Each structure stands twice: as C-alpha cells, then as structure tokens.
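A.B. asks:
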Amino acid sequence: MNQLLRRVLIGIPAGVLAGTALLIILGHPFLTVVFCALVGACYSASLDPTRGTYVDYLMAGAALGVPLWGLVSVIAIPVLSGHQPEWNAEQMRSQFPALIGWVIYGAVLGFLTQTFNDMAASMWGPETGSRVPTEAEKTRIVILGGGFAGMHTAECLERQFRTNPNVKLTLISDTNALLFTPMLAEVAGSSLEPTHISTPLRSSLHRTEFIRGLVSRVDLEGRRIFLASDPTAPESSPVREVSYDHLVFALGAVSNYLGMVNLQKYSFNFKSLLDAIRIRNHVIEMFERADRDPARRKALLTFVVAGGGFAGVELAGALNDYAHGILADYPMLQREDLSVVLVHSRDRILPELSESLARYAQERMEGRGVIFRLNTRLVDAGPGVVTLNDGEIQAETLVWTAGTAPNPLVQALPLNKDKRRALVVGRTLAVPGRQGLWALGDCAAVIDAKTEKPCPPTAQFALREAEVLAQNIRAHVEGRPLREFHFDSLGALCVVGHQTACAELTVPFARNQSVRFSGLLAWAMWRGIYLSKLPGLERKIRVAMDWAVELFFPRDIVQTIELK
Ligand SMILES: Cc1cc2nc3c(=O)[nH]c(=O)nc-3n(C[C@H](O)[C@H](O)[C@H](O)COP(=O)(O)OP(=O)(O)OC[C@H]3O[C@@H](n4cnc5c(N)ncnc54)[C@H](O)[C@@H]3O)c2cc1C
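Residue numbering for the sequence shown follows the numbering used here, beginning at 1477 and increasing consecutively.
(1) Which residues in the same chain have their Cβ closer than 6 Å to the Cβ of Phe1656, if we skip the five residues on either side of it in sequence?
(2) Distance, Cα to Cα, Cys1919 vs Pro1609?
(3) Three-state secondary structure (DSSP) at Arg1849?
(4) Run the proximity test for Ala1726: is its beta-carbon closer than 6 Å to any non-hydrogen atom belonging to ligand 1?
(5) Grab me the residues of Leu1996's own chain with a C-beta within less than 8 Å of its C-beta, minus the 5 sequence neighbours each way, in chain order.
(6) If you pair each beta-carbon of the segment 1772-1780 with each one of the segment 1861-1881, do three or more pairs fall below 8 Å?
(7) Cβ of Pro1658 within 6 Å of any heavy atom in ligand 1?
(8) Measure the Cβ-Cβ separation of Glu1943 and Cys1632 and say whether it is below 7 Å.
(9) In angstroms with no decimal places, state the Cα-to-Cα distance between His1820 and Ala1787.
(10) Counting only the same chain and skipping the five closest in sequence on each side, list residues whose C-beta sits under 6 Å from that of Asp1767.
(11) Which residue spans inside the segment 1564-1600 form an unbroken alpha helix (DSSP H) run of at least 4?
(12) Mind checking who Thr1982 pairs with in its DSSP beta bridge?
(13) Return the chain-ordered list of same chain residues with a C-beta closer than 7 Å to the C-beta of Glu1980, the five sequence neighbours on each side being excluded.
(14) Drop a sphere of 10 angstroms on the beta-carbon of Ser1692, count the other beta-carbons inside from all chains shown, and report buried for 16 or more, exposed for fewer.
(15) Between which residues of its own chain and Ala1837 is the CB-CB distance below 7 Å, once the five residues before and five after are set aside?
(16) In chain order, what residues of the same chain have a beta carbon less than 6 Å from the beta carbon of Tyr1530, not counting five sequence neighbours either side?
(17) Taking buried to mean at least 16 other C-beta atoms within 10 Å of its own C-beta, is Phe1506 buried or exposed?
(18) Which parts of the segment 1643-1690 are runs of the alpha helix (DSSP H), unbroken and 4 residues or longer, counting only runs that do not cross its ends?
(19) Tell me the rounded alpha-carbon separation between Ile1486 and Val1548.
(20) In angstroms with no decimal places, state the Cα-to-Cα distance between Ala1935 and Gln1571.
(21) When the Cα atoms are used, what is the spatial distance from Asn1851 to Thr1863?
(22) Looking at the unbroken alpha helix (DSSP H) that takes in Asp1797, where does it start and where does it end?
(23) Please classify Arg2015: is it buried, with 16 or more other beta-carbons within 10 angstroms of its beta-carbon, or exposed?
(24) Here's the rule: buried if 16 or more other CB atoms are within 10 angstroms of the residue's CB, otherwise exposed. What is Met1659?
(25) Is any heavy atom in ligand 1 found nearer than 6 Å to the beta carbon of Leu1833?
(26) Helix, strand or coil for His1504, going by three-state DSSP, please let me know.
(27) Could you give the DSSP three-state label for Ile1869: helix, strand or coil?
(28) Going by Cα to Cα distance, which pick from Gly1503, Ala1494, Ala1552 is closest to Gly1537?
(29) Contact between the segment 1894-1911 and the segment 1744-1764: three or more CB pairs below 8 Å?
(30) Of all the options Ser1965, Ala1729, Arg2031, Arg2003, which has the alpha carbon lying nearest to the alpha carbon of Pro1882?
(31) Please name the residue or residues paired with Arg1700 in a DSSP beta bridge.
(32) Just checking Asn1564 against ligand 1 - is the residue's beta carbon closer than 6 Å to any of the ligand's heavy atoms?
(33) Reducing DSSP to helix, strand and coil, say where Asn1745 ends up.
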C-alpha cells in the first residue's frame, strides 16, 4: 500500500477518536470530527512510524496541542464568532483549561497513532517505499559495545533513520544489558538489587538488531567483525562474522594494573555488575569467617580500596556504610575490628572536584571511620597482604579502581592512539583518514572542538558524543557537512557515604563558574538526578523502592553466589 495513504488511513481514526474531548471545547460535532480527522491525517503523515516508540509519539502529540490551542481556541473561534482574537493576558488565562484540553488531545492522538501504527505493522508488515532494498543494498551501521556510548548511539541512530529501509543498524555487545555504573557502588554496598541498575538492550532498542557476542577481531580492510566462538557450540561451528559500511567503536575501558601481575591476581575489579556482586558476597564471607576466627579477625575485616577517584571514593563510602550496618548481625565482632582503607597516590582524593570539596569529602569519610593513605602507591599484593611503597596492610580484601585503559581490542588496532592508547578521532568523532570508522566514549580520545581540551571518560560525555556521532553518520550518508563535538560539562556529584554527597555544578551561561555544596542536599540531588537518568520507568520504580526499603530495614546479609 502507498506509504502516504497508509499513514492517512491510520491518522484519520486516531484523530477522530482522540477528538472526543475536543467536543467539549469546540461544540459543533460535525465540524469537530472533520477537523480532528484532518489533524490526525496530517500528524500521522508527517511522522515516520517506529514500533513501540510511545513516548516519542505522546510527546510530539502533546507538543502539537499547544499551537493548535493558539490557532483554534485563541484565534479562530473568537474571529469566526465576530470577536477579536483572545490574546491579551486576561483572556489567555481564561483559556488555560482549553490549553489543557488541547494538550490531552495531542497526547491521546500520539498514543492512538502509535497503537494503530503497531497494529498496521502486525497486519500488513512494515511500510514499504517504492521498492524494498535488498540486504546488499543497505548501508550497514555496526556499533561495538552496549555501554552508555554504544547504547545511546543506537538510540540516536534509530531516531535519525526511523523507518528508513536503506539503513540496517546492528549493535554487538558481550553483555545483554546497559549497566548504570553510577549506581554500582550501591550494589556492592547492598543498597540496590543488581538487576535493578541494568537495562536490557533488546527491549530498549526497537529497530536495531542486537547480537550478544564477544568481538575478537576487526578486519579493517575487509570491513568485517569476527565474534569469538561460543564455548558451548560444537568445535566445527563456523566463527560468526558481521560486515559493515560504518563501524562505531564504543568498547569502553578496562582496569589497568600498570603491569603488576599480583595486583591483578589478588584484587577485585570494580567495573561490571558481576564485580559488584562478587565484592558484596566477599564482604559477607569475610564477616562470616571473622566471626569464627578471632586470630585473623583484623585482616579479615580490613577492606582496602585502591584509587581515590569517583569510583574508589564511592565504593569506600558504600563498603564502610555496609560493613558498619551489618555489624549488629555479628555480635562477636567489634567496631574496632573493622577498617576500610583508601589508598591514593596523590595528596588529595577526587581530582575531578575542587580541592575544598574534596577535603570536605575526606573529612566526612574519616569521621565515619574510613582511613586514608594519601601519597601512597600499591606495589604488590599476595594472599592476605597488600604491599604499599611505605609498608604493608594485612587485608583479605583489595579492590582496584586506580587505573583504567581503553579496551584491549581498540589498543591493538593499527590506527592512531593517544598516550592513554585510546583511539584518536577528529572533531566530528570520525577516525581520520578511514572512511566509515567512528569512535566515542571511554575507548576514544575525543577533543572538544571549542575548548580544544580532551573530553573526560565519563558517561556524561559519552551520551553527548553519541548524539553528535549519530547525527554525523546520517549527515555522511546523506552527503551533508558534519558537526564538530562540543559539550560543557554539567558538573560532578559524588556520594561519600550515608546521606552525604559533594556537588560541583556548572552555572548555565556562565563559563568556568560553578556552585559547590555538600551534605544532605547534595545527596538528595544525587539520588534525584541519577534516578531520572536511569533508563526505563520500571527500573526507576524498582530503585526507588530499594531506597525506600533501605530507610526502614537493615542491609541484607544473604550470600547469593558461591565464592571460590
Ligand atoms: C564504578 C563506576 C562509577 C562511575 N560513575 C560515573 C558517574 O557517576 N558519572 C559519569 O559520568 N561516569 C561515571 N563512570 C564512568 C562511566 O561509567 C563511563 O565513562 C562510561 O560507562 C563510558 O561508556 P562507554 O560506552 O564508553 O563504555 P562502557 O559503558 O564500559 O561500555 C563498553 C561496552 O562494551 C562492551 N564490550 C567490551 N568489550 C567487548 C567485546 N570485545 N565484544 C563485545 N562487547 C564488548 C561491554 O560489555 C560494554 O557493554 C563510572 C564508572 C565506574 C566504573
């Protein structure tokens, strides 16, 4: 069926059904039905349908309600009744209920159009243009990595290309969910359930093919990706390969142990959901063992965190709260047996924040019992011992957050890297001199086009880079000029322990100006902001409920995995 005819046929019933509420505002049933059918048809014809994008349609519909209100209620109806348009302040105020009515009409129209589009797609299949392109004719855009950068690039590309049948989107990641890392410390500290901070990639992406697999090799000349073979598959099964026209590297970073093999062997990583689950279970294990082993009690209850950046500080704060919180379940153990030690190589923690705020964070954490070893480096580790450049700590727990490096797959590519070994990209996020190669997020060396400074490896930047990168891929496909990347940081927030956080927020429109505050307000703000950023309404509700339960009940000490 012709694309325009199909959209009009969907829009007319949606517009008429949504228009029931308008009868109250407009009167005149016949005219209202005709008008609503017309609006519905135009609205539906102007949007490219994508399955399940209810929020987009609802928002677009609700936004449409505002100009319709202006045109019809403020101008057309008074003029047709022989009066002046009602646009002075007093009259506009009296038109406020009508505005609400129009916005509701628009939102319902958006909802119904999306529903009818989905029904039409189930009955008649996807929309077709004049000719369906073959697989070989499509532009294949492949994204590697399902973290903040990769996932958001896919979302933005879906918005850019909507139902364009000439483009095929594929996302490959070795995990099937986006991990919301800012809340990872709360999983380790048993405040949040692990799955509540992960959003499934399959259900978040609508027209992107998702492949769960580990990328083992990239053939840049042949434009192919090779996936590691599935260990459960028979040996004879072929290695899967995926071809691309555009390839986006969003593979993130890994822990960097600076060549210290023992540190890698005897420490916990703190990057994935499994890391956080392992740390939580290990802490409980240490308490259980300390309960029956008075001789080793001190070492068992000493938890060393290496690294005074955001991840290390938030983890030390969360572990300290958790360890003190569960002491009541172990009457044999005393508060004095417990130590959380943060080792940092510089003279102050949180280099991302101003010095005064970082000092405040340190004081508050010290007040709660965290021990700081500043200007100190870890040099080695062994079973039950952590070696520093100025002594040893008897401890059964070491968590490494002190260094990261770009994904090894990216490091091994025969392309330009910076001194961090991140992939060098131009201002448009394209790899210079390589048609169709793009990179962003923690694995890329991105320079801000305005400030000329390197962009920090944070989720805040990865998300903004994804928006520009998706726009640029579309511009490239359509032969338009590309945009350069620039983003002014919004600031930083860091939780340092129970109901305390530090905030340094950039003042909008005032370059280099920021406001700093700390304490309960900053903590409430942290929770509010990150809850709003957590993808998916369901996940937001689950996390909010976890936080509510935590206010009234003690932390859970149930071990959920067996530790070897
Ligand atoms: C504990 C912690 C707390 C943090 N807190 C904050 C914060 O509060 N605010 C902030 O802005 N930033 C924070 N960050 C930093 C933020 O998480 C990163 O900057 C962000 O995740 C970078 O996004 P990315 O997509 O580049 O990488 P990632 O999110 O790491 O995603 C990389 C993806 O690639 C996949 N992958 C890797 N290798 C392969 C392979 N070979 N094959 C297939 N898939 C692969 C991974 O599974 C992952 O899905 C935090 C980081 C950590 C570790």
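Ideal Cβ placement from N, Cα and C applies to all residues, glycine included.
Just so it is clear, the structure is predicted and the values come from calculations on it, not from any experiment.
C.D. replies: In short:
(1) Along the sequence shown, one-based indexing puts residue 1656 at 180. Closer than 6 Å at Cβ, skipping near neighbours: Ile1673, Leu2010.
(2) Along the sequence shown, one-based indexing puts residue 1919 at 443. Along the sequence shown, one-based indexing puts residue 1609 at 133. Those two C-alpha atoms are separated by around 34 Å.
(3) For the purposes of this step, residue 1849 is taken as residue 373 along the sequence shown, with counting starting at 1. Reduced to three states, the DSSP call for Arg1849 is strand.
(4) For this step, residue 1726 is matched to residue 250 along the sequence shown. Because some heavy atom of ligand 1 lies under 6 Å away, the Cβ of Ala1726 counts as near it: yes.
(5) Position 520 of the sequence shown, counted from the first residue, corresponds to residue 1996. Counting only Cβ-Cβ distances below 8 Å, and skipping sequence neighbours, we find Gln1975, Thr1976.
(6) With three or more CB-CB distances shorter than 8 Å, the segment 1772-1780 counts as touching the segment 1861-1881.
(7) Residue numbering aside, residue 1658 sits at position 182 when the sequence shown is read from its first letter. With a cut-off of 6 Å, the C-beta of Pro1658 is classified as near ligand 1, since at least one heavy atom of the ligand falls inside that distance.
(8) For the purposes of this step, residue 1943 is taken as residue 467 along the sequence shown, with counting starting at 1. For the purposes of this step, residue 1632 is taken as residue 156 along the sequence shown, with counting starting at 1. The answer is yes: Cβ separation under 7 Å.
(9) Here residue 1820 corresponds to residue number 344 of the sequence shown, with the count starting at 1. Here residue 1787 corresponds to residue number 311 of the sequence shown, with the count starting at 1. Going from the Cα of His1820 to the Cα of Ala1787 covers about 12 Å.
(10) Locating residue 1767 in the sequence shown gives position 291, counting from the first residue. Excluding positions up to five away in sequence, the list reads Tyr1806, Met1808.
(11) Runs found: 1565-1570, 1572-1600.
(12) The residue you call residue 1982 lines up with position 506 of the sequence shown. Partner(s): Ser1990.
(13) For the purposes of this step, residue 1980 is identified with residue 504 of the sequence shown, where counting begins at 1. Taking C-beta separations shorter than 7 Å and ignoring five residues to either side along the sequence, the partners of Glu1980 in its chain run Leu1829, Ser1830, Leu1833, Gly1967, Ala1968, Ser1990, Arg1992, following chain order.
(14) On the sequence shown, residue 1692 is found 216 positions in, with the first residue counted as 1. For Ser1692, the number of other beta carbons within 10 angstroms of its own is below 16, and it is reported as exposed.
(15) Looking up residue 1837 in the sequence shown gives position 361. Excluding sequence neighbours, Ala1837 sits near Val1789, Ile1825, Leu1826, Cys1970, Val1972, Cys1978.
(16) Stepping through the sequence shown from its first residue, residue 1530 is reached at position 54. Correct list, in chain order: Gln1590.
(17) As a first step, residue 1506 is located in the sequence shown; it is residue number 30 there, counting from the start. With fewer than 16 other Cβ atoms within 10 Å, it is exposed.
(18) For the segment 1643-1690, whole alpha helix (DSSP H) runs of length 4 or above, ordered along the chain, are 1660-1664, 1677-1680.
(19) Translated into the one-based positions of the sequence shown, residue 1486 becomes position 10. Translated into the one-based positions of the sequence shown, residue 1548 becomes position 72. So the alpha carbons of these two residues sit roughly 23 Å apart.
(20) Translated into the one-based positions of the sequence shown, residue 1935 becomes position 459. Translated into the one-based positions of the sequence shown, residue 1571 becomes position 95. It is roughly 43 Å from the alpha-carbon of Ala1935 to the alpha-carbon of Gln1571.
(21) Within the sequence shown, numbered from 1, the residue matching residue 1851 stands at position 375. Within the sequence shown, numbered from 1, the residue matching residue 1863 stands at position 387. Spanning the two alpha carbons is a distance of roughly 14 Å.
(22) As a position in the sequence shown, residue 1797 is number 321, starting the count at 1. Judged by DSSP secondary structure, Asp1797 falls within the alpha helix (DSSP H) whose first and last residues are 1786-1802.
(23) Translated into the one-based positions of the sequence shown, residue 2015 becomes position 539. That one is buried.
(24) Taking the first residue of the sequence shown as 1, we reach residue 1659 at position 183. Its Cβ being crowded by 16 or more others within 10 Å, Met1659 is buried.
(25) The residue labelled residue 1833 in the question sits at position 357 within the sequence shown. False, no ligand heavy atom lies under 6 Å from that Cβ.
(26) Along the sequence shown, one-based indexing puts residue 1504 at 28. In the structure shown, His1504 adopts coil according to DSSP, grouped into three states.
(27) Translated into the one-based positions of the sequence shown, residue 1869 becomes position 393. In the three-state DSSP reduction, Ile1869 falls in the strand class (E or B).
(28) Position 61 of the sequence shown holds residue 1537. Minimum Cα distance to Gly1537 is reached at Ala1494.
(29) With a cut-off of 8 Å, the segment 1744-1764 and the segment 1894-1911 do not count as touching, because too few Cβ pairs lie within range.
(30) The residue labelled residue 1882 in the question sits at position 406 within the sequence shown. The candidate whose alpha carbon is nearest that of Pro1882 is Ala1729.
(31) Here residue 1700 refers to the residue found at position 224 of the sequence shown. Asp1695, Ser1719, per the DSSP bridge assignment.
(32) As a position in the sequence shown, residue 1564 is number 88, starting the count at 1. No, the Cβ of Asn1564 stays beyond 6 Å of every heavy atom of ligand 1.
(33) The residue given as residue 1745 occupies position 269 in the sequence shown. The answer is strand: DSSP assigns Asn1745 an E or B state.
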